[in-house]
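Here is the structure we will look at.
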Amino acid sequence: MSTTVIILAAGKGTRMRSKLPKVLQPLAGRPLLGHVIQTAKKLHAQNIITIYGHGGDLVKQSFAAEQIEWVEQAEQLGTGHAVQMTLPVLPQDGISLIYMGMFLSFVKVPLNSYLKPLANLVLV
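Put into structure tokens, the structure is as follows:
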């Protein structure tokens, strides 16, 4: 079964009062999005899809070396809309995990523990 990680990284981060996009804010020497990408790699995801918006060029440039499918959400209309934007590139089989681009989750349990029987999509 293939695993796809969808990372929501389109937010402006206006409450952070910074010129940097929220997902590029540094934490422990690397941008927040870098930590989330590292988590996706620990899950051995076959596909990593990152939804970008605000500061998109800078976000994409910052992670140009990563094997990521980039999907633009030009107008931020919410989480559901962001996930909908991935449908043209989202594999039809396997499972998908949705990660917020600024939240860190350290993988300490097997991927199967995230899933209930017959689940195709999990918001982590």
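Take the position in the sequence shown, starting the count at 1, then add 1436; the result is the number in our numbering. Ideal Cβ positions, reconstructed from N, Cα and C, are used throughout, including at glycine. Small disclaimer: the values here were computed from a predicted structure and weren't measured.
Only counting runs of 4 or more residues, tell me where the alpha helix (DSSP H) segments fall wholly within the segment 1462-1512, in order along the chain. 1468-1478, 1492-1498
For the alpha helix (DSSP H) that T1515 lies in, which residues bound it at each end? By 1-based counting over the sequence shown, the position of residue 1515 is 79. It spans 1515-1521 - the alpha helix (DSSP H) in which T1515 sits, taken as one unbroken run.
Host beta strand (DSSP E) of M1536 (start-end): Reading the sequence shown from its first residue, position 100 is the one you call residue 1536. Its beta strand (DSSP E) spans residues 1531-1536.
Continuous beta strand (DSSP E) stretch holding V1525: start and end: Residue mapping note: residue 1525 aligns to position 89 of the sequence shown, counting from 1. First-last for V1525: undefined, no H or E at that position.
Taking 8 Å as the cut-off, decide whether the C-beta atoms of M1521 and L1444 are in contact. As a first step, residue 1521 must be located in the sequence shown, where it is residue number 85. As a first step, residue 1444 must be located in the sequence shown, where it is residue number 8. No; because the gap between Cβ atoms is not below 8 Å, this pair is not in contact.
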